[in-house]
Amino acid sequence: MEVRSKVYTYHTEVKWTEQRKGVISCAGKPDIQVATPPEFKGHEGIWSPEDLFVASANICLMTTFLAVAERAGLAFTSYESEAEGKLELVDGKFQFTTITLKPTITLATSTDATKAKELIEKAEANCLISNSMKTRVSLEPTIR
27 MEVRSKVYTY HTEVKWTEQR KGVISCAGKP DIQVATPPEF KGHEGIWSPE DLFVASANIC
87 LMTTFLAVAE RAGLAFTSYE SEAEGKLELV DGKFQFTTIT LKPTITLATS TDATKAKELI
147 EKAEANCLIS NSMKTRVSLE PTIR
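Structural data, given as structure tokens:
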């Protein structure tokens with residue numbers, strides 16, 4: 027029987043390059059250029075911490091769904107998801123107040139629609155990224 031650890035550690039590094047730009051690195055993975063977003067005197071076309079924060083919830087929902095769907099034997103032909111994070115000034119500080127995840131799951135057979143909805147809700151409830159955020163994360167799935 028496989029024993030899983032209860033604690034995992036992840037390491038990243040960030041290095042300033044110029045202006046309001048930098049690079050994120052992680053051993054064994056491609057570097058990602060990052061910058062302050064345009065709304066805060068930053069740069070267009072470069073990933074920002076805000077983008078990555080919202081994306082992390084979206085990615086985690088997908089990977090958690092893939093795991094629960096596999097365990098449940100759900101046959102689906104595609105998974106796509108959009109995410110939107112709302113950044114607001116609250117008590118003088120900017121914070122994400124909501125992240126809305128909008129996955130679209132296309133099933134191999136429409137008879138699995140109820141099962142798919144239950145599984146995407148289970149995935150959202152068990153997403154470790156969403157569970158680590160104080161931001162309210164809501165789910166608006168479309169099952170086809």
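With positions in the sequence shown counted from 1, the corresponding number in my numbering is that position plus 26.
Even glycine gets a Cβ: it sits at the ideal position worked out from N, Cα and C.
- Spatial neighbours of residue 169 in its own chain (CB-CB distance under 7 Å, excluding positions within 5 residues in sequence) are listed in chain order as 131, 133, 139, 142 and 143.
- Classified as exposed, residue 120 has fewer than 16 neighbouring CB atoms from the shown chains inside 10 Å of its CB.
- Separation of residue 33 and residue 108 (C-alpha to C-alpha, rounded to the nearest whole angstrom) is 30 Å.
- Under the Cβ criterion (8 Å, minimum of three pairs), the region 112 to 119 does not count as touching the region 47 to 58.
- Of the other Cβ atoms in all chains shown, 16 or more fall within 10 Å of the Cβ of residue 150; this residue is therefore buried.
- Fully contained in the region 98 to 155 are the following alpha helix (DSSP H) runs of length 4 or more, in chain order: 139 to 152.
- Residues 122 and 125 of the same chain have their beta carbon placed closer than 6 Å to that of residue 161, with the five preceding and five following residues left out of the count.
- About 5 Å separates the beta carbons of residue 128 and residue 166, which is inside the 8 Å limit, making them a contact pair.
- Restricting attention to 67, 74 and 136, the CA atom closest to the CA of residue 49 is found in 74.
- Between residue 98 and residue 154, the beta carbon gap of about 19 Å keeps them out of contact (Cβ cut-off 8 Å).
- Counting the other CB atoms within 10 Å of its CB gives residue 157 a total below 16, which places it among the exposed residues.
- As computed with DSSP, residue 48 is found in a beta bridge with 42 and 60.
- DSSP places residue 163 in the strand class (E or B) of the three-state scheme.
- Setting aside the 5 residues that flank it on each side, residue 110 is surrounded in the same chain by 126, each with a C-beta closer than 6 Å to its C-beta; the list follows chain order.
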